[in-house]
Amino acid sequence: MFFPSTISVCGVRGIPCATWGRLSQIRIVMLKSALLILSGNATASLLLLARNLIIARLIPVADYGIASTFAIAMALVEMMSNLGLQQQIVQAKNGEDPRFQAALQGFQVLRGVFAGAVLFFLAGTLTDFLNVPEATWAYQLMALVPVLNALKHFDIHRMNRSMVFWPLILTGVVPALLSVLAVWPLAIIYGDYKVMLYAILIQVGMTAVVSHLVAERPYRLILDRHVMAQSLRFGWPLLVNGILLFGIFQGDKVVVGRELGMDTLAIFAMGFTLTLTPMLVMTQSSQNFFLPPLSGLDRSTEAGRDRFQYLSIVVMQISIVMGLFLVFGVFLFRDLLVQVLLGPKYLTLIPILLPLAIMQAARVARAGAATIALSSGHTGNAMQANLIRIAVLPLAWYAVTQGAGVFVVIMIAIIGEAGGYVLSCVLVARKPGIALGPMVLPVLTSTAFLGAAMLASRLENIPVWMRVAMLGALFVATLASMKETRRYIARRRS
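Quick note on the working numbering: the sequence shown kicks off at 363 and runs consecutively.
Pasting the structure below:
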């Protein structure tokens, strides 16, 4: 007997076939979007990692240390002007308004010019502080970076609201590829830290160009006082957080470079890059994917609040898993990674690579809470959680001046990141009010995994297979404790 689709049922819940079909299509689209974001971000980040690895092999270690300080300079000016305008166009209710977008773009250019001017005039002071006065002219040229970054078209971010990610991905991948291709001729011409300088300028300049080529709307700039005031209200916690992030990502490098020299900085910075790159890929992909649906939920209804609670726990659990993947991969392949990619000049990196990965895992675990808070407009949560990490930085500096090495700096950083994670959970429980009961067991098992990984890396007298089996068991136990994430993945696959 024939039954119309409007009255026939599918599955055990009695959902109409047509509705079930639409839900399945939505899940397929979301899964494809997630894979697209991850692959795009991974490709761009791997290209930039490849660029850094190639440069590290082609120039002397000390020159790579100087090149690493360029990241410190760029982060310094970005921290003083970061207002999260790209996130605002995704999160704001009027994000589709062309005038609002033009006003954000105008404000972005204004802040980019300001940041560039600051870097230009501070170049001599920065290079003297880092004991590399010969690079002052390079820092002045780097002042072009924030200006070029500010000229990007915001359409690549606006289209994320509709789960359209290709423009954003192309804007990341194409310039990164061109930057990699430029390394070899630059190395032939210069052969020192200038290779990194010009490769960065090529990447940033082409990023602005590609963002305009893939845009749908004409590029317009407006200086609107109302929008600027709105952006300042939205972004001032992100601005303060940017200052804190500078301390987190660059503070340890400043300590190491100033007190231990450019050779040691080169080793430390390369290890930081190797572990930071996958972390950034995972956190950016997670935020790009989950921020739009979290921001779009109507929490005035019980169903919306329940959905927000459920998705929030999923995001927090996935953030933990991403960190564990990073640590497990580094534990298994760190020797091969250093020997094949970097060669004998960087063998001293091997003992500190796993501790660096654990530090990044503790940091990536906080990304879930940050995404949840951002989706609700609570931009101050991340800022407050970063305060603990910054608080331990003077302790690291003191330890180095007393003769401690890089390993002690990393261990202090791990303590700071762990404290920051605890505070981020407390804050997200208060605002926007997430019930954290489902997170207790995953946090305990993942902490045991990270502790076991650190211990296993030091106990080389125990057979490798036993150490791997122990970590594998703890990893599986952590996954088993995440009921919400397993349910979420099962539904995406169905």
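No residue lacks a Cβ here, since even glycine has one placed at the ideal position from N, Cα and C.
Nearest candidate by alpha-carbon position, reference residue i, set the options
i: serine 524; options: Met832, Ile451, Lys514 and Phe596; result: Ile451
i: aspartate 625; options: Arg667, Lys845, Arg728 and Ile421; result: Ile421
i: valine 535; options: Leu548, Val571, Tyr552 and Asp554; result: Val571
i: phenylalanine 516; options: Gly457, Lys615 and Met632; result: Gly457
i: leucine 510; options: Ile675, Val826 and Ile564; result: Ile564
i: leucine 686; options: Gln671, Leu789, Gln701 and Met721; result: Met721
i: methionine 801; options: Leu694, Tyr672, His740 and Ala719; result: Tyr672
i: proline 804; options: Leu659, Gly597, His519 and Val676; result: Val676
i: aspartate 459; options: Leu841, Val471, Arg579 and Asn823; result: Arg579
i: glycine 658; options: Glu496, Ala561 and Ser737; result: Ser737
i: lysine 514; options: Thr733, Val768 and Leu447; result: Leu447
i: arginine 728; options: Gln463, Val770 and Ser786; result: Ser786
i: arginine 473; options: Leu601, His740, Ile551 and Leu653; result: Leu601
i: alanine 465; options: Arg661, Leu594 and Leu543; result: Leu594
Buried/exposed call for residue i, threshold 16 Cβ in 10 Å
i: histidine 588; result: exposed
i: glutamine 646; result: buried
i: isoleucine 531; result: buried
i: proline 825; result: exposed
i: asparagine 823; result: exposed
i: threonine 763; result: exposed
i: lysine 455; result: exposed
i: serine 674; result: buried
i: serine 843; result: buried
Residue i versus residue j: straight-line alpha-carbon distance, rounded
i: glycine 478; j: glycine 765; result: 37 angstroms
i: histidine 574; j: glycine 567; result: 12 angstroms
i: leucine 385; j: alanine 852; result: For leucine 385, the predicted model reports a pLDDT of 44, less than 50, meaning its position is unreliable and no value from the coordinates is stated.
i: leucine 716; j: valine 618; result: 18 angstroms
i: tryptophan 499; j: threonine 489; result: 10 angstroms
i: leucine 642; j: phenylalanine 611; result: 12 angstroms
i: glycine 872; j: valine 788; result: Within the shown structure, residues of the chain are numbered from 363 to 856, placing residue 872 beyond reach of any answer.
i: valine 683; j: alanine 747; result: 20 angstroms
i: methionine 504; j: aspartate 586; result: 29 angstroms
i: methionine 644; j: threonine 733; result: 13 angstroms
i: glutamine 467; j: alanine 404; result: 27 angstroms
i: alanine 724; j: leucine 688; result: 11 angstroms
i: proline 547; j: arginine 419; result: 14 angstroms
i: valine 784; j: histidine 519; result: 31 angstroms
i: leucine 606; j: arginine 849; result: 36 angstroms
i: arginine 751; j: valine 771; result: 12 angstroms
i: alanine 719; j: valine 726; result: 10 angstroms
i: alanine 562; j: threonine 533; result: Reading off the sequence, residue 562 comes out as isoleucine, not alanine. Roughly 15 angstroms between the two C-alpha positions.
i: glutamine 592; j: arginine 792; result: 24 angstroms
i: alanine 435; j: glutamate 496; result: 15 angstroms
Quiz item: So, do the region 833 to 840 and the region 787 to 796 have three or more beta carbon pairs nearer to each other than 8 angstroms?
Solution: no
Quiz item: Can you list, in chain order, the stretches of the beta strand (DSSP E) that have 3 or more residues and sit fully within the region 547 to 597?
Solution: none
Quiz item: Are the region 540 to 557 and the region 413 to 432 touching, with three or more C-beta to C-beta distances below 8 angstroms?
Solution: yes
Quiz item: Which full runs of the alpha helix (DSSP H) of 4+ residues lie inside the region 718 to 756, going along the chain?
Solution: 729 to 737 and 742 to 753
Quiz prompt | the region 802 to 810 / the region 820 to 833 touching (three or more Cβ pairs under 8 angstroms) | solution = no
Practice problem: For the region 813 to 824 and the region 636 to 653, state whether three or more C-beta atom pairs, one from each stretch, are separated by less than 8 angstroms. | Solution: no
Quiz item: Quick one: any contact between the region 776 to 785 and the region 741 to 758, if contact means 3 or more CB pairs under 8 angstroms?
Solution: yes
Quiz prompt | Cβ contact (3+ pairs, closer than 8 angstroms) linking the region 479 to 487 and the region 536 to 545 | solution = no
Practice problem: Please list the segments of the alpha helix (DSSP H) lying wholly inside the region 439 to 501, counting only runs of 4 or more residues, in order along the chain. | Solution: 447 to 453 and 460 to 491
Self-check item: Cβ contact (3+ pairs, closer than 8 angstroms) linking the region 698 to 712 and the region 658 to 678
Solution: no
Exercise. Inspect the CB distances between the region 407 to 415 and the region 634 to 642 and report whether three or more fall short of 8 angstroms.
Key: yes
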